[in-house]
Structures are given as C-alpha cells and as structure tokens.
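All you need for the numbering used here is the position in the sequence shown, starting with 1, plus 184. Glycine included, C-beta positions come from ideal geometry on N, C-alpha and C.
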Amino acid sequence: ANNTLSGTIPSQLGQLQGASILLEGNLFHVSSMTAPLSLCMLRSVKAFDITNDVTLCPLERNALSDFYDSAKGAEWTNGSLW
C-alpha cells in the first residue's frame with residue numbers, strides 16, 4: 185500500500201486464493217476504472233482493503249452480482265425475451 189501504483193487493477197489478483205490484497209493509498213481512483221469483481225466481492229481472496237471504495241467497487245455492481253448469485257444465475261438456461 186501507499187506505493188503510488190496507478191492504472192488498472194489486474195483481474196488476476198482476484199485469482200489469488202486466500203491472499204490479502206492491500207492497495208489503499210495508491211492512485212487507482214484517478215484512472216476511473218473499477219476493481220475486478222472477484223476482489224470487491226471477496227470470493228477468492230481473504231482481504232481487499234478498498235472493498236468499501238465506491239469508485240473502485242461500485243455498490244450497484246456488487247448488488248447486481250449478489251442478486252445474480254442468489255437467483256442461481258449460473259444455472260439459467262433460457263435467455264429468451266431479455
């Protein structure tokens with residue numbers, strides 16, 4: 185943390201099983217990019233210190249992902265009439 189990293193947060197970080205990703209104090213908010221959903225939702229990683237940053241982890245995106253998961257979206261087979 186606090187090492188002035190900038191640019192996009194690599195999605196591969198979300199694949200680090202059980203890792204703690206500590207990025208607070210860097211310049212990611214300047215790039216107006218969002219963090220990988222896997223980091224914001226803490227699905228694979230143990231901790232992500234900027235989960236509550238609404239610029240990097242938008243609440244709406246997190247809520248939609250929660251809804252998709254709770255409705256078993258991965259099991260949906262019929263996508264007609266959307």
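Checklist entry - When we look at the beta-carbon of F212 and count the other beta-carbons within 10 Å, is it buried (16 or more) or exposed? => result Locating residue 212 in the sequence shown gives position 28, where the first residue counts as 1. That one is buried.
Checklist entry - Just checking my contact of S249 with M225 at CB under 8 Å: how many whole Å lie between their CB atoms? => result Position 65 of the sequence shown, counted from the start, is the residue given in the question as residue 249. Position 41 of the sequence shown, counted from the start, is the residue given in the question as residue 225. Confirmed, about 6 Å.
Item to check | Closest by C-alpha distance to P242, when choosing among A219, L197, L206 | outcome: Walking along the sequence shown from the start, residue 242 turns up at place 58. When each option's Cα is compared against that of P242, the closest is A219.
Item to check | Identified DSSP bridge partners for A231 | outcome: As a first step, residue 231 must be located in the sequence shown, where it is residue number 47. Per DSSP, S204.
Checklist entry - Per DSSP, what kind of secondary structure is C241 in: helix, strand or coil? => result Start at 1 with the first residue of the sequence shown, and residue 241 comes out as number 57. In the structure shown, C241 sits in coil (DSSP, three-state: anything other than H, G, I, E or B).
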